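Mapping of the sequence shown onto full-length UniProt numbering: position 29 corresponds to residue 29, and the numbering continues sequentially without gaps.
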Amino acid sequence: MAEVVRSSESWARSLPSENVQALAQELGDTCMDIPQMYIRPELDVGVKAICDDDDDDDKGGSDDKVPIIDMNRLLDPNFSLEESAKLHSACMNWGFFQVVNHGVCDEVIEKIKVDLEEFFKLPLKEKEVFAPLPEVLCGIFKDHQSMRMNYYPPCPKANQVLGINPHTDAGGLTLLLQVRDVQGLQIKRKGKWLPVEPLEHALVVNIGDALEILTNGAYASVEHRVMVNNKKERLSIAAYHSPSFDKIIGPLPELVQGSGKEYYKTMKYEKYLEFQFLAKVEGKNHMEFMKLNK
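Written out as structure tokens, the structure reads:
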């Protein structure tokens, strides 16, 4: 039977399943077949495993690199105009960028990485103590910010599975710290999947659906997915920044003036989340619900 997590209404359903970290360990030890529920046969043709021996030197030109934004330059009057234009271009043309010199000291980042790695080394029973109850989840989301710690175990049959299906984030902005230099995060660009190479101490930033709606499509959310590695585990921490549940989201009037037309519906963010959480995770198909007939 499906388990239901509720706040004021039912938003998300999830099927009970084994702990993936423990399951991956068992697969590695016994060479047993991957359970059918984790195999994505419809994606076999387009899925490429991020293997330990992949050649990182064959990456193509600069258009294959996610933009890098320097916060020091952005805040420096001598360079702010140039860096602001670069940021605008990254938001408009990519939906993803990496931020360096962001003000979070290297020591703090390294401490976070160590703590996260140590946490996932704990026995399963110890980790389960920290598993959130529905009422705890409601309290977290109430503040319109949330954090997720991700562990993607290595998989000997990495070409058969995905870490996370292609999707977009519902909120405004997502900040991601890639804990290790293991590739896995990929974004969809010009019909192809492009890896976001881990950059030491950088934060990956991506546009969410709410920001796409507010900007009337000028800054669009971008499909992304996570691949697994056949030899190495991958860890990351994501912080999600979203509107309040009771806030109205819709195209901002000052951004509609240029095109003269609204391309998205206006509604409470809570209502949009209800639809997004109940929809099948499948690329950006759910955003069609928010678009007005042109």
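We put the CB at the ideal spot given by N, CA and C, even for glycine.
All of these numbers come straight from a predicted model, not from anything done at the bench.
Quick check on the burial criterion: 16 or more other C-beta atoms within 10 angstroms. Buried or exposed for residue i?
i    : result
M147 : exposed
T168 : buried
D57  : Any reading at D57 needs caution, since the residue's pLDDT is 45, under 50, leaving its predicted position unreliable; the model's value is listed next. That one is exposed.
F97  : buried
S259 : exposed
I248 : exposed
G103 : exposed
L122 : exposed
L278 : exposed
L273 : buried
V204 : buried
V196 : buried
L292 : exposed
N216 : buried
Could you give the DSSP three-state label for residue i: helix, strand or coil?
i    : result
S80  : helix
N159 : helix
L278 : helix
L203 : strand
P253 : helix
K246 : It is worth fixing the name first, because residue 246 is Asp in this sequence and not Lys. Correct three-state label for D246: coil.
V104 : coil
V114 : helix
N229 : strand
K86  : helix
L175 : strand
K127 : helix
K284 : coil
E74  : Residue identity check: residue 74 is Leu in the sequence provided, not Glu. DSSP places L74 in helix when its eight states are reduced to three.
L211 : helix
If you compare alpha carbons, which of the options is closest to residue i?
i    : options                : result
Q117 : Q257, H201, I237       : Note that residue 117 corresponds to Glu in the displayed sequence, not to Gln. Closest option to E117, Cα to Cα, is I237.
G184 : K192, L203, L235, A202 : L235
K113 : N285, Y263, E200       : E200
L211 : V222, Y152, V100, L74  : V222
I207 : W193, E233, L173       : L173
D246 : V228, M267, N230       : M267
A218 : N159, N93, L175        : N93
R225 : L87, L162, K127        : L162
L255 : N230, L214, K271       : L214
G95  : N229, L292, K265, A220 : A220
F120 : N150, V108, I109, N165 : N150
P156 : N216, E128, M227       : M227
V108 : A202, N285, Y263, K190 : A202
D63  : E128, E126, V129, K190 : K190
What does DSSP give as the partner residues of residue i in its beta bridges?
i           : result
R180        : According to DSSP, R180 bridges with nothing at all.
R148        : A238
Y272        : For Y272, which the question treats as bridged, DSSP gives no partner whatsoever.
D169        : Looking at the DSSP assignment, D169 forms no beta bridge with any residue, so it has no partner.
E224        : One point to set straight first is that residue 224 is His, not Glu, in the sequence displayed. Beta-bridge pairing links H224 to H167, I187.
G217        : Note: G217 sits in no beta bridge, so no partner.
K291        : Y264
I68         : Q98
residue 296 : What the structure shows of the chain is the stretch from 1 to 294, and residue 296 is not part of that stretch, so it cannot be assessed.
K192        : R189
Spatial neighbours of residue i within its chain, please: C-beta separation below 6 angstroms, excluding the five flanking residues on both sides.
i    : result
S244 : H144
Q178 : P198, S236
A90  : P67, F97
F275 : F289
E270 : F245
P166 : E223, R225, G283
Using C-beta distances below 8 angstroms, list every residue in its chain close to residue i, excluding the 5 sequence neighbours before and after it, in chain order.
i    : result
K232 : D52, P154, R180, V182
M287 : T168, D209, E212, S221
Grab me the residues of residue i's own chain with a C-beta within less than 7 angstroms of its C-beta, minus the 5 sequence neighbours each way, in chain order.
i    : result
D70  : E83, V100, N101
G171 : G208, A210, Y240, H241, S242
L74  : S80, E83, S84, L87
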